[in-house]
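Remarks on the structure that follows.
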Amino acid sequence: MSSELERRTAIIEIIDFFKFPKATVYSIAKSFKESKDIEEGFLTPERKTPERVHVLEVMSSEGDIMPPHFFAKGQNVNKEVYLDVMQTVVKPWMIQIAAGRPYLCQQDGAPAHTSNLVQNWCLENLD
């Protein structure tokens, strides 16, 4: 039996035993996770909001994938930080992978991507 199925079965048994509404027990069960530190498997509180980690990934239409770039823990990716990564990480990788072939840089609508600073740099530096 998978651990997820075992977990769900245990929750249903608790609901049946205490006759709590399912929503109550699920909200309680969601707040805890099995501890990996203790062999007995005690439950420990989970963080409500896990820490953010920003990751930039780039891929080519040929299937080449740039190694993920992890921003510093807790770092806000603003236009200056994003532009620095574009200049020092992304553009060198794109030039190496494109090897003289034409390429297209496409970004989503994140504020750092759409800033005038980044857009002007892209127009001037990405052929």
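Going by this note's numbering, the sequence shown opens with residue 1437, and the numbers climb by one from there. Just so it is clear, CB atoms sit at the ideal spot from N, CA and C, and this is done for glycine as well.
According to DSSP, is Leu1492 part of a helix, a strand, or is it coil? Strand at Leu1492.
Would you list the residues sitting across from His1505 in a DSSP beta bridge? Beta-bridge pairing links His1505 to Leu1492.
Please classify Cys1558: does DSSP put it in a helix, a strand, or coil? Cys1558 carries a helical assignment under DSSP once its states are collapsed to helix, strand and coil.
Taking only three categories from DSSP, how would you classify Ser1439? DSSP places Ser1439 in helix when its eight states are reduced to three.
Below 8 Å, how does it come out for the stretch 1491-1504 and the stretch 1525-1541: are there three or more Cβ pairs, yes or no? The stretch 1491-1504 makes contact with the stretch 1525-1541, as at least three CB pairs between them are under 8 Å.
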